[in-house]
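K.L.:
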Amino acid sequence: MPAGRAGNDLSYVPVGWLIFVMAWSVYGLASAWWLVGNSGLPDKIFYFLLGGLVANVITILWGLYLLGLAFGRSGRFPRHFTIWQVATIVWLLARQAYVLTVPDFVFSARGLSITAIEIGIGLLCIYLLRRGSGAETVYAKQQTEAPPVFVSIVAALLGIILGAVVGALGGFFAGSVIAEVAEVSCFEGGCGYFAAFIGLAGLVVGAIGGGILAVWFVHRRGRRPMA
5 MPAGRAGNDL
15 SYVPVGWLIF
25 VMAWSVYGLA
35 SAWWLVGNSG
45 LPDKIFYFLL
55 GGLVANVITI
65 LWGLYLLGLA
75 FGRSGRFPRH
85 FTIWQVATIV
95 WLLARQAYVL
105 TVPDFVFSAR
115 GLSITAIEIG
125 IGLLCIYLLR
135 RGSGAETVYA
145 KQQTEAPPVF
155 VSIVAALLGI
165 ILGAVVGALG
175 GFFAGSVIAE
185 VAEVSCFEGG
195 CGYFAAFIGL
205 AGLVVGAIGG
215 GILAVWFVHR
225 RGRRPMA
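Residue numbering for the sequence shown follows the working numbering, starting at 5 and increasing by one per position.
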């Protein structure tokens, strides 16, 4: 087995899963604008949704730290990812238990299935990065020293902000053009909603892409040989 590989490329699956979860969290934040000033929801539902937004913010910030470790080829990534994934599974279980026990919510087999799939993928990622799997050698690179994780986080935040702005503007413009070419009806603002939806999609894609590219650029330019 070649040195620095854990038998196959499955050790990179957790990074892809992390990026997906972060993208879903960004989408959750971007689509929650309607909560602002909305006082018509029952307290149990409102605080549940608010807690979800807080969890999304934590996921994004924590994910940026983990991406910094992954892009920095740090041998600490498997252990820190496992901690994050365990915390995420605990949150998913607590959220599902809350939904099932509070009468204001309606039971949804679809929601329960999605939660089960999320937990299943999370457990698979933990297994792939388990101690003794060799995953730490996949991420560790001893020949060079990566920039500090703090630098990666700052770069990622700037990349997310810039990417979100560019993606939202580009998406909204593209949505407007598509709506006009496809002759989407503007009855009751239909064409505007379509353009806004494309803009929201562009915001999510741009934010995640900008963050990842920023971290990649910092580590590509900032690496230096170890003494």
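By construction, the Cβ of each residue, glycine as well, lies at the ideal position given by its N, Cα and C atoms. Owing to the predicted nature of the structure, the values given are computational and were not obtained by experimental measurement.
Going by the CB atoms, is the gap between S117 and V222 shorter than 9 Å?
P.N.:
no
K.L.:
Which residues mark the beginning and the end of the alpha helix (DSSP H) in which C129 is found?
P.N.:
113-132
K.L.:
DSSP state of A231, grouped into three classes?
P.N.:
Confidence is the limiting factor: at A231 the pLDDT is only 45, short of 50, which leaves the residue's position unreliable, though a coordinate-based value still follows. Coil, per DSSP.
K.L.:
Quick check: the Cα distance between R83 and L133, rounded to an integer number of angstroms?
P.N.:
Spanning the two alpha carbons is a distance of roughly 8 Å.
K.L.:
Verify whether the separation of the beta carbon atoms of N60 and V30 is less than 9 Å.
P.N.:
yes
K.L.:
Looking at the structure shown, is G138 part of a helix, part of a strand, or coil, going by DSSP?
P.N.:
coil
K.L.:
Using the rule of at least 16 other Cβ atoms within 10 Å of the residue's Cβ for burial, across every protein chain shown, is T63 buried or exposed?
P.N.:
Counting the other CB atoms within 10 Å of its CB gives T63 a total of 16 or more, which places it among the buried residues.
K.L.:
Is it buried or exposed, F154, if we count other Cβ atoms within 10 angstroms and call 16 or more buried?
P.N.:
exposed
K.L.:
Rounded to whole angstroms, what is the Cα-Cα separation between V106 and A113?
P.N.:
16 Å
K.L.:
Determine the DSSP secondary structure at C195, reduced to helix, strand or coil.
P.N.:
helix
K.L.:
In whole angstroms, what is the alpha-carbon distance linking I212 and M26?
P.N.:
Rounded to whole angstroms, the gap between the alpha carbons of I212 and M26 is 8 Å.
K.L.:
Using the beta-carbon count (16 or more within 10 Å), is V209 buried or exposed?
P.N.:
buried
K.L.:
Does DSSP put L45 in a helix, in a strand, or in coil?
P.N.:
coil
K.L.:
With distance defined between alpha-carbon atoms, name the residue in V58, R135, L161, Y197 nearest to F81.
P.N.:
R135
K.L.:
Is the beta carbon of Q89 closer than 9 Å to that of I23?
P.N.:
Note that the C-beta distance between I23 and Q89 is not below 9 Å.
K.L.:
For the alpha helix (DSSP H) holding A27, just list the boundary residues, first then last.
P.N.:
17-34
K.L.:
Rounded to whole angstroms, what's the CA-CA distance from A183 to A139? Just pull it up for me.
P.N.:
Between the C-alpha atoms of A183 and A139 there is a straight-line separation of about 47 Å.
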